[in-house]
Amino acid sequence: MEVVSYPHLPAELSRAYIALYTSVTNAGALRKRIINAASMQGREGEDEREAVNYAFVDPRLITSPLHVKTAVLQAVMAQAQGALRTKTVHSEVLWALNPSNNISEAIRRYGVSEACTALLVVRVDGSALEPADVERKMGAAVQGQLVPLTQLGRLTDWVAVKKCHKLNNELALKVCGQDGERERAVIDNIVVSSVAMKSVMG
Amino acid sequence: MTAAPDILAEAILISQGAEAAIYQAILHQSPSSEATPVFLKYRFNKQYRHPTLDASLTRSRIAGEARAVLKCLRNGVHVPGIRLVDASQGILGFEWIEGKSIRMLLGGGAEGEEETEYTADLLEDEDAVDSPEDELQSLYGLTPDVLMAMIGTEIGKMHLADVIHGDLTTSNMMLRRMFSTASSSTVELVLVDFGLAYTSTLVEDKAVDLYVLERAFASTHPDSEPLFATVLQAYGKTMGKEWANINRRLDDVRLRGRKRSMVG
Ligand SMILES: Nc1ncnc2c1ncn2[C@@H]1O[C@H](COP(=O)(O)OP(=O)(O)OP(=O)(O)O)[C@@H](O)[C@H]1O
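Chains C and H are the protein sequences, given in the same order.
Going letter by letter, the first sequence gives residues 295 to 496 in the working numbering.
Going letter by letter, the second sequence gives residues 153 to 416 in the working numbering.
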């Protein structure tokens, strides 16, 4: 798990905890749990919502650690400025990742689905949380193997990324020819840039 | 005046201009991964403008700059990637380009040093300092002629994407070394500062863009002026069949420029 800090933001938004899991076995169940938690009543409902109070992201459309960090930063800044376009800072992360403005499309594309065998988990919170505690709670929600964020890029479905960001006919990719490594770096730079500037894209 | 955004509190101020301040900053601080710096441009409020008007003006300038850069990225023009946009506070963040501006490499000195040009003459006979040409050769392995061709090619790629830079000077171009593997590296010419950029397909706009650079060359690098032909040659090669029209229009633009300066 990686702990990113934003010392310039209000205390309650000053940290993001980002973890990557592979060999995930409970994606389908987790998805149902998230949906059910939303409508559960009373104390039980609160506990259940807290247990899944994360952004769960499908890493197949994520090109690098910088890609997810850029989305998290834009979401945290929107929250700090009272400018969220979605309900929570966690759904805002999914919104920031998606090229269009449609939030349900963002959740469908970037959120957890039954087919996920790897998951990226993000929690935005203050500095009062113990990282070890966060990691334990994430591990309680996701059954899988915790791996370093540097694995991002190896789990990527590059064909899907190109389609999602409409990159197939772009000159920047054509000039890479057979150089796959270079092409992936070019794609990552375009995708990261698109996420960073999404708020002025409209 | 509103307080400076908090994100700048820990950033390093690099330069303070009339329209914007430039900083180097770390966006994602994390003990477990390497910190990569970004280049932040902060367009602060103008006290003499109406605050609401100012905010929407800043917003549209930032949106315009970011869109032009993204268009360049998609078209394979070498520009810094975008790393942060905060339109409400007037902040744009770019990938940090490790390298030198062409202005420095051609011996143009730092910006705002024009008034003290005579000091350069005084230093001329001291051969202690590396000449810019030596630096170009030792740091990047380039001759001035090759550099000029790189400039022309990059501008050509930008114009083929119908992006007009609006402020082409040698300060707004940088050289950086890209390491693909441990042993091999390439040198890239990177275009920066798209604050005045816009999209246009017009021959006139492309010709004026080139003319601005030609004038900038003449004033900051009088010795390199003959080399400008190489810029145009490489540009023309990149532009292909569009070049003949732009070249003709460039002649018109030069003529208009000359007339204006005779009157003025
Ligand atoms: N992404 C970058 N990384 C590192 N250095 C950069 C980057 N972009 C620009 N620079 C350097 O900083 C200088 C100033 O940048 P820029 O031109 O964008 O700012 P500006 O305030 O709009 O300048 P001006 O209005 O004087 O042209 C450039 O001349 C260049 O050498």
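C-beta: ideal position from N, C-alpha, C; glycine also.
Beta carbon of residue i nearer than 8 Å to that of residue j
i: V318(C); j: A422(C); result: no
i: H302(C); j: A161(H); result: yes
i: L388(C); j: V351(C); result: yes
i: L258(H); j: H180(H); result: no
i: Y363(H); j: I307(H); result: no
i: F246(H); j: F196(H); result: no
i: L379(H); j: P296(H); result: yes
i: L225(H); j: A490(C); result: no
i: I398(H); j: A349(H); result: no
i: L414(C); j: P353(C); result: yes
i: A218(H); j: Y194(H); result: no
i: P393(C); j: Y311(C); result: no
i: T380(C); j: I397(C); result: yes
i: V405(H); j: A370(H); result: no
i: Q176(H); j: I164(H); result: yes
i: I174(H); j: I166(H); result: yes
Enclosing beta strand (DSSP E) for residue i [first to last residue]
i: S253(H); result: 251-253
i: Q181(H); result: No beta strand (DSSP E) contains Q181(H), which DSSP labels as neither H nor E.
i: P189(H); result: 189-194
i: S167(H); result: 164-168
i: G245(H); result: 243-247
i: E340(H); result: 337-343
i: D419(C); result: 413-419
i: L314(C); result: 309-316
Inter-residue Cα distance where the pair is residue i and residue j
i: V455(C); j: A365(C); result: 16 Å
i: G409(H); j: C458(C); result: 47 Å
i: A272(H); j: V339(H); result: The predicted position of A272(H) is uncertain, since its pLDDT is 44 and thus under 50; no value can be drawn from it.
i: D419(C); j: W452(C); result: 31 Å
i: R401(H); j: V342(H); result: 26 Å
i: Y300(C); j: T382(H); result: 47 Å
i: A409(C); j: G347(H); result: 44 Å
i: V298(C); j: G405(C); result: 21 Å
i: A345(C); j: Q439(C); result: 18 Å
i: S493(C); j: R402(C); result: 20 Å
i: E356(H); j: A368(H); result: 18 Å
i: Q375(C); j: L291(H); result: 44 Å
i: D465(C); j: V480(C); result: The amino acid occupying residue 465(C) in the given sequence is Leu; Asp does not appear at that position. Computed Cα separation, rounded: 11 Å.
i: R325(C); j: R478(C); result: 30 Å
i: I303(H); j: D345(H); result: 15 Å
i: D473(C); j: L365(H); result: 34 Å
i: L312(H); j: L354(H); result: 11 Å
i: A396(H); j: D361(H); result: 16 Å
i: M495(C); j: A372(C); result: 15 Å
i: A313(C); j: G447(C); result: 14 Å
i: G318(H); j: A301(H); result: 20 Å
i: M295(C); j: A305(C); result: 20 Å
i: E266(H); j: N462(C); result: Annotation note: pLDDT 45 at E266(H) (below 50); position unreliable, no value reported.
i: R337(C); j: R343(C); result: 10 Å
i: S376(H); j: S488(C); result: 38 Å
i: E340(C); j: R327(C); result: 13 Å
i: P183(H); j: S333(C); result: 38 Å
i: A215(H); j: V231(H); result: 16 Å
Chain-order list of residues whose beta-carbon lies under 7 Å from that of residue i (same chain, five-residue window excluded)
i: D403(H); result: none
i: K309(H); result: N227, G228, V229, T390
i: Q417(H); result: Any question about residue 417(H) goes unanswered here, given that chain H covers just 153 to 416.
i: L443(C); result: E296, I312, L314, P359
i: F331(H); result: S337
Any non-hydrogen atom of ligand 3 closer than 7 Å to residue i Cβ
i: G322(C); result: Ligand 3 is absent from the structure shown, which contains only ligand 1.
Proximal residues to residue i (C-beta, below 8 Å), its chain only, five neighbours per side dropped
i: R476(C); result: C470
i: R328(H); result: I249, E250, G251, V339, E340, V342
Range of the contiguous alpha helix (DSSP H) that encloses residue i
i: F380(H); result: 380-391
i: T364(C); result: 359-374
i: A490(C); result: 474-490
i: T372(H); result: 355-372
i: Q445(C); result: Neither: Q445(C) is in no alpha helix (DSSP H) and is coded neither H nor E.
i: V383(C); result: 383-391
i: A239(H); result: Looking at the DSSP string, A239(H) is not in any alpha helix (DSSP H), and its letter there is neither H nor E.
i: E171(H); result: Taken as a continuous stretch (DSSP letters only), E171(H) belongs to no alpha helix (DSSP H), as it is neither H nor E.
i: A331(C); result: 321-331
Rounded Cβ spacing between residue i and residue j (contact assumed at less than 8 Å)
i: G261(H); j: N483(C); result: Wrong, their Cβ atoms sit about 32 Å apart, outside the cutoff.
i: Y278(C); j: R417(C); result: Outside the shown range of chain C, which is 295 to 496, sits residue 278(C), and nothing can be said about it.
i: V383(C); j: A369(C); result: 5 Å
i: T321(H); j: W248(H); result: At roughly 20 Å, the Cβ-Cβ gap does not stay under 8 Å, so T321(H) and W248(H) are not in contact.
i: H361(C); j: V486(C); result: 5 Å
6 Å CB neighbourhood of residue i in its chain, flanking five on each side removed
i: S253(H); result: S323, M326
i: G169(H); result: none
i: N320(C); result: Q437
i: L288(H); result: L257, L294
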